[in-house]
Structure formats: structure tokens, C-alpha cells
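A.B. asks: Under the numbering used here, the first residue of the first sequence is numbered 3, with each subsequent residue one higher.
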Amino acid sequence: MPSEPELQELHTRINAWFAGIARDLPWREAACSPWGVLVSEIMLQQTPVVRVLPVWREWLQRWPTPAGLAGEPAGEAVRSWGRLGYPRRALRLHAAAVAIVENHGGKVPDNYADLLALPGVGSYTAAAVAAFAYGRRETVVDTNIRRVHARLVSGVALPAPALTAAEMRLAAQLLPDDDGTSVRWNAAVMELGALVCTARAPKCGDCPVRDSCAWRAAGEPPPSYIPKGQAWHGTDRQVRGAVMAVLRVAEGPVPAEMFQREPADLGFAPEGIGVPLAALHRLNSAPEQLERALAGLLADGLAEVQHGGYRLPG
DNA sequence: CATCCGTGGGA
DNA sequence: TTCCCAAGGAT
Numbered sequence: 003m004p005s006e007p008e009l010q011e012l013h014t015r016i017n018a019w020f021a022g023i024a025r026d027l028p029w030r031e032a033a034c035s036p037w038g039v040l041v042s043e044i045m046l047q048q049t050p051v052v053r054v055l056p057v058w059r060e061w062l063q064r065w066p067t068p069a070g071l072a073g074e075p076a077g078e079a080v081r082s083w084g085r086l087g088y089p090r091r092a093l094r095l096h097a098a099a100v101a102i103v104e105n106h107g108g109k110v111p112d113n114y115a116d117l118l119a120l121p122g123v124g125s126y127t128a129a130a131v132a133a134f135a136y137g138r139r140e141t142v143v144d145t146n147i148r149r150v151h152a153r154l155v156s157g158v159a160l161p162a163p164a165l166t167a168a169e170m171r172l173a174a175q176l177l178p179d180d181d182g183t184s185v186r187w188n189a190a191v192m193e194l195g196a197l198v199c200t201a202r203a204p205k206c207g208d209c210p211v212r213d214s215c216a217w218r219a220a221g222e223p224p225p226s227y228i229p230k231g232q233a234w235h236g237t238d239r240q241v242r243g244a245v246m247a248v249l250r251v252a253e254g255p256v257p258a259e260m261f262q263r264e265p266a267d268l269g270f271a272p273e274g275i276g277v278p279l280a281a282l283h284r285l286n287s288a289p290e291q292l293e294r295a296l297a298g299l300l301a302d303g304l305a306e307v308q309h310g311g312y313r314l315p316g
């Protein structure tokens, strides 16, 4: 743990660095509403900024307020989520909008506890919205901040596989006392992790606090564990993704047979869903896996059955 | 607490 | 080409 003067120095250097290099993202603008911040935080979960930008703009133009989104079927949220991934986030964001209208008069809550109670909002997102939308002093801890703390203070290459209580305590200790400075600090450390102190090949030459880095001082020791990659090929997730791609472009309910058999075998042409349907069939997944994927989508509320076919939730 | 849940760009 | 992984949350 840095001494008090060392801590001040870190605050000063990292915040000054941020002031000079911060990307001007639309949800960082002063005019951006708390709703805009909330939407951005949900979309940014496990998703790169560059892919979020265009979808975020469409969403804020179409649904400038929580009430706007809450007034439409959940399926519209899922459809307009496009290919951002993890479509359950769209479903939960819609549910959050409904909850905001019903329980908060249509206004995004301004405190951690109320934010945390919203669907799809966990500890990170609740803290981030309270801080970035309302200027509150919150301990914001995301994957970037964890990595910066791990290297800069703890002297290890990577943070633990899962967020620990010790990490939260450290983050709380590092947080500046002043409200405004703390908000800037949260954004700055996050940006440092995203642009400089990256997971692979960190750009230490560009780091404003490289001379204070415990990991560098220790000779940049390698990670003590190997992160286990996420399986993809042949998984249910892949099949679910392919099914969702079909449902997003479908006009009406998609007959169950279309998922099981080649369109050519069905004797009629699917309306506009040929490409994603072909991609699904190309996976050549076992019938039981397809069943499992469809059942999972129904259970998650990402799909509904109507007239014997599958569609996005109405 | 480990596992599941999408996607696509870059190394 | 294959692998990695990016502003997590829910169970």
C-alpha cells in the first residue's frame, strides 16, 4: 500500500494523464443523461467500445428516456441489440427501464443501492452509474482497474481469476477523498487499463506511473496462473447465438422445423432468414443440442413460442 | 464459487 | 489459422 504522499502523486499523475488523452466518448459528455450512462455501462459489459458506439447512438436516439424503452416489447430491445452479444443484457436493460418507470418515476436512481436492485445491474455497474452519471464517490472496480491495481500496487501480472474482498478493500483505500477527484480517478484508472496497462503487451513506455509500478520493480514476473479460455466451437452458446441471429431478422414466428432441417428440404423459401439460417445449419449440431439451445432461450425469455414457431418475446 | 452466457477484431 | 479477450451479471 502506497504512503499518503505516494498516493497523492499517483492521483495527480494518472488524472493529469487522463485529462490529456481521454477518448471523447458520447456517454462521457456532460450533456449525456444518466439513462445514457446506464445504457452505455450495460452495453460495455464484456464488449469493446468500438462495437458499442453505433448501437448506443441508435438506442439513445430511439429511446431517449427509460419510459420510451419500457413502452415497447422486450423483443424490440433484443432485436435492436443487434450483434453486441450476450442478448440477455438487452432483456434486462428493458426490465430495468420498466422498473425505473414503475419504482422511480421514470428517473434513473442516483444511488448505489437502488441501482444495484435493477435487473442486469451488478456491483460494477451500480458504482459506475452512481459515479459517472451522478458524480458520487464510489469504489468502481472493473477488469481494467483490477489489472492496474494488480500491477501498480500488488506487483503481479494479473488480478485473481475472480474479484476478491481484498481487491475491493485496496480499491477503496486508493480512492481519492474528494468527490470530483474520485470520479475522475475511477475513469482515469479504467482508461489507463484500457489503453496502456493492457492484458497483453502493456505499453509501459506510455505509462504515467511506470516508475512507481510494483510489477516493473519486481522484474515483471509472469502470471501465476493461466486464464482458461472460453470454449466456443461446438458449444450450446454457439448454437444459441446462431438461433438468435435467425430470430432477430425474422418477421414472424419461425417454424421449429426450420431449425432442424435444411430449408431446401422444407419445400419453401424462408422469408429473409436464409443467411442466418444457413449459418445455423452449417454448425451441423446434434438434434439434442439444438433442442437444448432452444429450450434455454425459452427459459431465459429470449424467445417465445407462437403458433408453433419461435420468435423474439412480444 | 465455478460456470454459463455472444461476438468479432487483433495478435 | 487459432487463440485471446473486452467497462460483468446471475445462478
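Beta carbons are placed, not taken as given, at the ideal position from N, Cα and C, and that holds for glycine.
If you follow the beta strand (DSSP E) that V307 is in, where does it begin and where does it stop?
C.D. replies: E306 to Q308
A.B. asks: Under the rule that 16 or more other beta-carbon atoms within 10 Å means buried, what is I319, buried or exposed?
C.D. replies: Nothing about residue 319 can be reported from this structure: the residues present for the chain run from 3 to 316 only.
A.B. asks: Hey, out of D213, E193, A281 and L118, whose CA is closest to V241's CA?
C.D. replies: A281
A.B. asks: Per the contact definition of three or more C-beta pairs closer than 8 angstroms, is the stretch 191-199 in contact with the stretch 8-27?
C.D. replies: yes
A.B. asks: Give me the Cβ distance between L176 and L9, rounded to the nearest whole Å; I'm assuming they're in contact under 8 angstroms.
C.D. replies: 7 angstroms
A.B. asks: Compare the Cα-Cα distances from L299 to each of P257, G243 and R94 and report the closest residue.
C.D. replies: G243
A.B. asks: Name the two residues that bound the continuous alpha helix (DSSP H) containing G298.
C.D. replies: P289 to D302
A.B. asks: Kindly indicate which residue of G231, P75 and M260 has the alpha-carbon position closest to the one of A92.
C.D. replies: Ranking G231, P75 and M260 by Cα distance to A92 puts P75 first.
A.B. asks: Between I275 and V307, which are expected to be in contact by the criterion C-beta below 8 angstroms, what is the C-beta distance as a whole number of angstroms?
C.D. replies: Contact doesn't hold; Cβ gap of about 17 angstroms is too wide.
A.B. asks: Between Q48, P36 and R138, which has its C-alpha nearest L342's C-alpha?
C.D. replies: With the chain running from 3 to 316 in the structure shown, residue 342 is simply not present.
A.B. asks: Distance check for L160 and V80, CA to CA, integer angstroms please.
C.D. replies: 34 angstroms
A.B. asks: Looking at the secondary structure, which residues open and close the alpha helix (DSSP H) in which G243 lies?
C.D. replies: D238 to V251
A.B. asks: Write down every uninterrupted run of the alpha helix (DSSP H) in the stretch 106-130 whose length is 4 residues or greater and which is fully enclosed by it, in chain order.
C.D. replies: As for any alpha helix (DSSP H) of minimum length 4 sitting wholly inside the stretch 106-130, the runs are 114-118, ordered along the chain.
A.B. asks: Would the beta-carbon of V158 fall within 8 angstroms of that of S214?
C.D. replies: no
A.B. asks: Would you mind stating whether Y114 and A130 have Cβ atoms separated by less than 8 angstroms?
C.D. replies: no
A.B. asks: Taking C-alpha atoms, which residue in V150, G182, L304 and H13 lies nearest to G195?
C.D. replies: V150
A.B. asks: Within a Cβ cutoff of 7 angstroms, which residues of the same chain sit near G316, ignoring the five residues on either side of it in sequence?
C.D. replies: P75, G77 and E306
A.B. asks: Among residues of its own chain, excluding the 5 on either side of L71, which ones have a beta-carbon nearer than 7 angstroms to its beta-carbon?
C.D. replies: W65, A79, H96 and A99
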